[in-house]
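A.B. asks:
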Amino acid sequence: MIEIPSDLHKDLVPLAFLLGNWAGAGVHDFPGSEKCNFGQEVSFTHDGRDFLEYHSHTWVLDKDGNKVRPLESESGYWRIDADRKVEVTMTRDDGVIEIWYGEMAEKKPQIDLATDAVARIAGSQPYSGGKRLYGYVKSDLMWVGEKQTPDVELRPYMSAQLKKVVTPEDVERWAKALPDDMPDDGIAFFK
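Those letters in the sequence shown? Residues 1 to 191, by UniProt numbering.
#1: Could you check what DSSP says for F44 in three-state terms: helix, strand or coil?
#2: Measure the alpha-carbon distance for Q40 versus H55 and round it to whole angstroms.
#3: Relative to the C-alpha of G20, which residue among S43, G135, S159 is closest?
#4: Where does the unbroken beta strand (DSSP E) through E72 begin, and where does it stop?
#5: Considering Cα atoms alone, identify which of E34, I121, V27 is closest to residue 193.
#6: Can you look up D140 in the DSSP assignment and give me helix, strand or coil?
#7: From the DSSP output, in three-state form, read off residue 192 for me.
#8: Just the Cα atoms here: how many angstroms apart are L15 and R69?
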């Protein structure tokens, strides 16, 4: 279910499918790095201004699905204009700062992004750009990331399937939004 908060900035309505907390797992595979399964927690929040705030944390999983150690973290801000062009600023824990541009697909909750600018500190790993695809598919947030370095051509390196995390506050808000004239037996609800 995509919920559009009443205090969401009007320009952000096309991005409302991203809002909330998400958790799931995926696969990481890039030359020179450890191939592994990873867990991920992502949050997209807003405060009424014309951007979404984004935070992502990933960690390596062992063969039983237990957390082993952090993999990477990133945070940033997402904006969209009237022409459905998306702009993202992102900072990663490894000392990389990126500017992403892309667009939202017509008539579906899907975003294609590509890096426009990359800045990195001297101690970060080589990195020259990437692409990402985010989509809302059957109530899940799915994404795939591509990466390139001076030595490796652009190729997929991470992908994940995330489920919406439901909080007690969500349940309370949904319960308060139910109509007063709900049927007592619940059967009429399905007719």
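Using N, Cα and C, we set each Cβ at its ideal position, and we do this for glycine too.
C.D. replies: This is what the structure holds:
#1: The residue labelled residue 44 in the question sits at position 44 within the sequence shown. Residue state, collapsed to three classes: strand.
#2: Here residue 40 refers to the residue found at position 40 when the sequence shown is read from its first residue. Here residue 55 refers to the residue found at position 55 when the sequence shown is read from its first residue. Going by the C-alpha atoms only, they are around 10 angstroms apart.
#3: As a working mapping, residue 20 is identified with position 20 in the sequence shown. It is S43 whose Cα lies nearest to the Cα of G20.
#4: The sequence position of residue 72 within the sequence shown is 72, counting from 1. That run of the beta strand (DSSP E) goes 67-80.
#5: With the chain covering only 1 through 191, there is no way to say anything about residue 193.
#6: As a first step, residue 140 must be located in the sequence shown, where it is residue number 140. Of the three classes helix, strand and coil, the one that applies to D140 here is strand, per DSSP.
#7: What the structure shows of the chain is the stretch from 1 to 191, and residue 192 is not part of that stretch, so it cannot be assessed.
#8: Position 15 of the sequence shown, counting from 1, holds the residue named residue 15. Position 69 of the sequence shown, counting from 1, holds the residue named residue 69. Distance between the alpha carbons of L15 and R69: 31 angstroms.
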